[in-house]
Amino acid sequence: MKRLQRCHDIGDLRTVAQSRIPRAVFDFMDGAAEDEVSMQGNRSSFAQYDLLPEVLTDVSNVNMTTTVMGQTIPFPLILAPTGLSRLFHHQGEKAVATAAARAGLIYSLSSGSSVSIEEIGALTDGPKWFQIYVWKDRALVSEFIARARAANYQALCLTVDVQVYGNRQRDLYNGMTTPIRLSRKLAFDLASHPRWWFNLITKGQPQLANVKDKMGDNITDLNSQAAYINRQFDRSVTWDDASWMIREWGGPFAIKGILSPADALRAVEIGANGIVVSNHGGRQLDQAAAPVDV
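For the sequence shown, the residue numbers in our numbering are 4 to 297.
Right, dumping it as structure tokens:
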């Protein structure tokens, strides 16, 4: 806690995380696709824009409240979906969802989360979205939609930029692949962080909580679950599939991964209530434009 109290920006938090968890795990969280040009552009593009303050204005009572797809939040920030968060901290998605609810913000749970749809649904009364893909197994997609509805998620968020898994070179170098290649380098890296190991042993191995029950009682290891998910990504997904999902859900619906104006218009035409302008943090297609620039 003392180290966190000395953190004053995201860069400070990143430095603490880098020292606390194994390099391979940190790089899985911190890295991006190919040469990471898009990820770097995501950050540097903000530096190209200047602020022009209007002075001598009464700011004694500032109100940043806004509405996103029918949900009122105190300021325009949404906690984005991130898979396998328990790799980085034993509380994982529970900690993020709790923090979001405490601040009155929207939390978006990843379909690749290490805490289930139902657990997060029951954890807080805060506004929640569920992030989903169009997988090859459409029955599984329908099941996820039904589970999110039953757990009182207010909106569905369809990610559309992962027809294939991004080529993340840091993961290849570190052996963080499917299956994980436990080299001497990786073994030493993991063993050099005993606190992380202790949490892993005492709090339980992270799993893909939303699919682990689909694979039988004998399939409880993360490698097998990740391989199962990777096989579900579908290169044939079209706008017709997105339209089907909008009808299947029947509620507030956002499409995440939009970068072109033409795609934004198409999303509205098929009935989406919102879009998330995103290049997946640069983790999918390197050289993709920075969202703030489009």
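For every residue, glycine included, the Cβ atom is placed at its ideal position computed from N, Cα and C.
Within the same chain, Cβ atoms closer than 8 Å to the Cβ of Gly285 are found at Ala35, Ala36, Glu39, Val40, Ser41, Met42, Gln43, Gly44, Asn45 and Ala291, the five residues on either side in sequence being excluded. The beta carbons of Ser116 and Asn213 sit closer together than 8 Å. Between Asp128 and Ala153, the gap from beta carbon to beta carbon reaches 8 Å or more.
For Thr68, the three-state secondary structure derived from DSSP is coil. A check of alpha carbon separations from Gly169 across Ser47, Arg23, Gly14 and Leu288 identifies Leu288 as the nearest. Sequence-distant partners of Ile261 (beyond 5 residues in either direction) whose C-beta falls short of 8 Å from its own C-beta, in its chain, are Val163, Ala267, Ala270, Ile278, Val279, Val280 and Ser281. DSSP assignment within the region 232-269 yields the following whole beta strand (DSSP E) runs of 3 residues or more, N-terminal first: 256-261.
Under the DSSP assignment, Leu90 falls outside any beta strand (DSSP E); it carries neither an H nor an E label. The Cβ-Cβ distance between Gln134 and Asp237 does not fall below 8 Å.
For Gly14, the uninterrupted alpha helix (DSSP H) segment begins and ends at Ile13 to Arg23.
In the three-state reduction of the DSSP assignment, Gln74 falls in the strand class.
For Trp138, there is no enclosing alpha helix (DSSP H), as DSSP gives it neither H nor E.
In the displayed model, Ile120 falls within a helix according to three-state DSSP.
Scanning His283, Phe31, Glu251 and Asp296 for the CA closest to the CA of Pro264 turns up Asp296. Sequence-distant partners of Leu90 (beyond 5 residues in either direction) whose C-beta falls short of 6 Å from its own C-beta, in its chain, are Val28 and Pro209. For Leu203, the enclosing alpha helix (DSSP H) covers residues Pro197 to Lys206. Nearest Cα to Asn155 within the set Ala245, Lys131 and Val144: Lys131. A distance below 6 Å between beta-carbons, with the five flanking residues on each side excluded, links Ala275 to the following residues of its chain, in chain order: Phe256 and Ile258.
In the DSSP assignment, Ala158 forms a beta bridge with Trp132. Between the region 237-247 and the region 136-148, the count of C-beta pairs closer than 8 Å reaches three or more; the two stretches touch.
The criterion of a C-beta distance shorter than 8 Å is satisfied by Leu126 and Thr101. Distance between Leu159 and Val58, taken at the CA atoms: about 41 Å.
For a cut-off of 8 Å, the C-beta gap from Leu82 to Val99 is around 6 Å, short enough to register as a contact. In chain order, Phe29 and Asp33 place their CB closer than 8 Å to the CB of Gln21, counting only its own chain and leaving out the 5 sequence neighbours on each side. For the options Trp200, Leu161, Leu175 and Asp61, the alpha carbon positioned closest to that of Ser246 is the one of Leu161. In this structure, DSSP gives Ile81 an extended state, which the three-state scheme calls strand.
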